[in-house]
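Peer 1: Please find one structure pasted underneath; my questions will follow.
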């Protein structure tokens, strides 16, 4: 279990998402928040999902834990974890999996920690939920209430986890409440909670967005260290391309609930093939090279309730769009080794090249 | 005791009550401070401290009544019938004597037992019923919420005393009947308070985080969100306790509550009413006892509100 898993060592994927669709019934119609997403996550890999707000990144992540809001439903698709479709699991088995095999780190650490309990107790709670503190014990209550030695041992386990995520003086911070922690320390505490049960997969929903830049780097380093030391696979959702470039082995770009491009980080960022990815990259400032003016992508994210079925959702904003783009759904084209993009032009271009 | 690093199989759920094991005791943490912290802040709040000290004196007097009271509750001396208090021409009982020659002071001290017991127990039962129903209704919504909320609206339409008089008339007087009558109506306040707070609380991110950790719904409800809404419950509970004490005194005054010869302040005021012109002390001192206790409870409650609920302080 302690061996480092390299992303190159691909066997069967740890997590396979196929044709996932999440829909919300609203008064204006059915909002297709996620529409036909396919993803593979391999052991020890860091996968980034990037895209604008409302592109379905977070919903994809929440679907994996089956935690999408009550108004929404997973309309179709499968999510296979080690061969088993999570969407078919009974609720009890799903709960046993949450936190224990698949854990999640949220965006805003301040609101994600419960304000009325000391941080250490919240980590201890996470360990207890899945019985990681002492799995052999059968009868626990009410005997434990008086078992000081046991409590001490549990506290030590928590302190070790706190140490691992780099919370200084964990014995002293154990009794502190969340508001006594800085933002970075709160996020470390949340990571400690997520890691406490040694999950195989860590889902991180914009874990650094609420933090300032130096702290962002520390938190990303911490997550990378966890990935290296424990072989934990990570899915990082972010709208920050720089973070994704720095951190991820592979990147999937989402737009309007679909994946428009995916591939190895260098491939996607240095040889983007989808016009949307190109647009995203042109709209962030560069420090090196000549100072080209920023080019924002014109237009706005489309209304997810009114997406046409047989058209590219990006066509209205795409500077390369041709009439055919609004007449048929764009194909998923392999443009390089493990590098795919969903664009009609790529398909046409390839055919022309072959011809 | 190290957290074990094992290949976990999800085919084996940890059992229905796994999340409950080990921490079933009710944990009352007051807004990230702990009880000791609240006590310290109380010392910096003069009116709340004053209220708290007086309430404490009342409670001690009620508990140690047999040791403190100079005379027994039904020990009467004919010579002390309607005797004036010391300093007003009286020479025996400190606060004077009642129409049958019993010591007023002793009866007031014993009367604290009834008032405090009914105040505390009514608050406790109302809070338990109201908080649980409110939390469950807000967390699960649906038909349960609709039904309980309608019942609450219905009960709110009655004034508390009218309702209690009705119940007492039907069921007859009695200590537990008073508590039942008051609780039957007053759980609604806790219900509405907790329901509202919980509706706001359950949308917070830590609830989702708890679900992502694999906690079952009822565990999140009881152990994650409920402690977050307990501060206003404590404040409202303290403030309502004064109302319950007045309600009990009113019922006893009307003869529907605690029956003589058991000393209760309400019935003592009623006894003294006929002698107001000749022996003002008989009705006045039990009345003062009610006044001071309820005032102190309210001072303490408002102080707790300032300490526990800074949002209200700002207004």
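Chains as they are written, first to last, in my numbering: chain U, 984 to 1338; chain A, 549 to 863.
Just so you know, even glycine gets a beta-carbon here, dropped at the ideal spot from N, CA and C.
#1: My output table needs one value for residue 1249/U: the three-state DSSP class, helix, strand or coil.
#2: From the DSSP output, read off the bridge partner residues of residue 1056/U.
#3: Consult DSSP for residue 1322/U and reduce its assignment to one of helix, strand or coil.
#4: Near residue 759/A, what residues of its chain come up, given a Cβ to Cβ distance below 7 Å and the 5 sequence neighbours on each side ignored?
#5: Determine whether the Cβ of residue 1218/U lies closer than 7 Å to any Cβ atom of chain A.
#6: Determine whether the beta carbon atoms of residue 1000/U and residue 1022/U lie at a separation below 7 Å.
#7: Determine the chain A residues that contact residue 1215/U at a beta-carbon separation under 9 Å, and present them in chain order.
#8: Residues in the segment 744–760 of chain A with C-beta within 7 Å of chain U's C-beta atoms, listed in sequence order?
#9: Using the rule of at least 16 other Cβ atoms within 10 Å of the residue's Cβ for burial, across every protein chain shown, is residue 1158/U buried or exposed?
#10: Flag this pair as yes or no: are the beta carbons of residue 590/A and residue 584/A separated by less than 7 Å?
#11: If contacts are defined as beta-carbon pairs under 8 Å, then residue 792/A and residue 717/A qualify, I think. What distance do you get, rounded to the angstrom?
#12: Under 8 Å by Cβ, that's how I've got residue 1103/U and residue 1148/U pegged, so tell me the actual separation to the nearest angstrom.
#13: Give the interface partners of residue 589/A over in chain U, defined as CB-CB distance under 9 Å, in chain order.
#14: Within 10 angstroms of its Cβ, does residue 1097/U collect 16 or more other Cβ (buried), or is it exposed?
#15: If the cut is a Cβ gap below 9 Å, which residues of chain U does residue 775/A touch?
#16: What would DSSP say about residue 1181/U, mapped onto helix, strand or coil?
#17: Residue 678/A and residue 732/A - do their beta-carbons sit closer together than 7 Å?
#18: Starting from the Cα of residue 1241/U, find the closest Cα among 1285/U, 1252/U, 1084/U, 1169/U and give me that residue.
#19: Is it a yes or a no for the segment 1192–1207 of chain U touching the segment 770–787 of chain A, going by three-plus beta-carbon pairs under 8 Å?
#20: Under a CB-based cut-off of 7 Å, is residue 1280/U close to chain A?
#21: What's the C-alpha gap between residue 752/A and residue 661/A?
#22: I want to know whether the segment 1084–1092 of chain U touches the segment 1168–1183 of chain U - three or more CB-CB distances under 8 Å.
#23: What residues are listed by DSSP as bridge partners for residue 1061/U?
#24: Tell me, please, whether the segment 1067–1080 of chain U touches the segment 1004–1024 of chain U by the rule of three or more beta-carbon pairs shorter than 8 Å.
#25: Within the 7 Å Cβ cut-off, does residue 772/A reach chain U?
#26: Using the beta-carbon count (16 or more within 10 Å), is residue 636/A buried or exposed?
#27: So residue 667/A is in the alpha helix (DSSP H); what residue range does that whole segment cover?
#28: Under three-state DSSP, which class holds residue 828/A?
#29: If the cut is a Cβ gap below 8 Å, which residues of chain A does residue 1091/U touch?
#30: Can you list, in chain order, the residues of its chain with a C-beta nearer than 6 Å to that of residue 1322/U? Leave out the 5 residues immediately preceding and following it.
#31: Who are the Cβ neighbours of residue 646/A in its own chain at under 6 Å, not counting the five residues just before and after it?
#32: So, does the CB of residue 1009/U fall closer than 7 Å to a CB anywhere in chain A?
#33: For residue 1099/U, does the three-state DSSP call read helix, strand or coil?
#34: Is the beta carbon of residue 719/A sitting closer than 7 Å to the one on residue 725/A?
#35: Counting Cβ pairs, one atom from each stretch, are 3 or more of them under 8 Å apart for the segment 797–813 of chain A and the segment 706–715 of chain A?
#36: For residue 612/A, count neighbouring C-beta atoms within 10 Å of its own C-beta (all shown protein chains included) and say buried if the count is 16 or more, exposed if not.
Peer 2: Looking at the atomic coordinates:
#1: It is helical.
#2: DSSP links residue 1056/U through a beta bridge to 1006/U.
#3: Note: residue 1322/U maps to strand in three-state DSSP.
#4: Here the set comprises 768.
#5: Taking Cβ atoms only, chain A never reaches closer than 7 Å to residue 1218/U, which makes this a no.
#6: A contact, by the Cβ cut-off of 7 Å.
#7: For residue 1215/U, none of the residues of chain A pass the 9 Å Cβ criterion, the least Cβ distance being about 11 Å.
#8: Result list: 752, 753, 754, 756, 757, 759, 760.
#9: Taking all protein chains shown into account, residue 1158/U has fewer than 16 neighbouring C-beta atoms within 10 Å of its C-beta and is therefore exposed.
#10: In this structure, residue 584/A does not lie closer than 7 Å to residue 590/A by Cβ.
#11: With a beta-carbon spacing of about 19 Å, residue 792/A and residue 717/A fall beyond the 8 Å limit used to define contacts.
#12: For a cut-off of 8 Å, the C-beta gap from residue 1103/U to residue 1148/U is around 13 Å, too long to register as a contact.
#13: Ordered by position in chain U, no residue passes the 9 Å Cβ test against residue 589/A, which lies about 15 Å from the chain.
#14: Buried, because 16 or more other Cβ atoms sit within 10 Å of the Cβ of residue 1097/U.
#15: Going along chain U in sequence order, the residues near residue 775/A (Cβ under 9 Å) are 1097, 1099, 1100.
#16: In the structure shown, residue 1181/U sits in coil (DSSP, three-state: anything other than H, G, I, E or B).
#17: No Cβ-Cβ contact shorter than 7 Å links residue 732/A with residue 678/A.
#18: From the listed residues 1285/U, 1252/U, 1084/U, 1169/U, the smallest Cα separation to residue 1241/U is found for 1285/U.
#19: The count of Cβ pairs closer than 8 Å, one atom from the segment 1192–1207 of chain U and one from the segment 770–787 of chain A, stays below three, leaving the stretches out of contact.
#20: Taking Cβ atoms only, chain A never reaches closer than 7 Å to residue 1280/U, which makes this a no.
#21: Each residue's CA atom was taken as its position, placing residue 752/A and residue 661/A some 43 Å apart.
#22: Per the Cβ contact rule, the segment 1084–1092 of chain U is in contact with the segment 1168–1183 of chain U (3 or more Cβ pairs under 8 Å).
#23: Looking at the DSSP assignment, residue 1061/U forms a beta bridge with 1001/U.
#24: Under the 8 Å Cβ criterion, the segment 1067–1080 of chain U does not count as touching the segment 1004–1024 of chain U, having fewer than three qualifying pairs.
#25: Residue 772/A belongs to the set of residues whose beta carbon lies under 7 Å from a beta carbon in chain U.
#26: Exposed is the call here.
#27: Per DSSP, residue 667/A belongs to the alpha helix (DSSP H) from 652–688.
#28: The answer is coil: DSSP assigns residue 828/A none of H, G, I, E or B.
#29: Going along chain A in sequence order, the residues near residue 1091/U (Cβ under 8 Å) are 753.
#30: Result list for residue 1322/U: 1246, 1250, in chain order.
#31: Non-local C-beta neighbours of residue 646/A in its own chain, meaning closer than 6 Å and more than five positions away in sequence, comprise 652, 830, ordered along the chain.
#32: Answer no: the Cβ-Cβ gap between residue 1009/U and chain A never drops below 7 Å.
#33: The DSSP-derived three-state label of residue 1099/U is coil.
#34: With contacts defined as CB atoms closer than 7 Å, residue 719/A and residue 725/A qualify as a contacting pair.
#35: Yes, the segment 797–813 of chain A touches the segment 706–715 of chain A.
#36: Flag for residue 612/A reads exposed.
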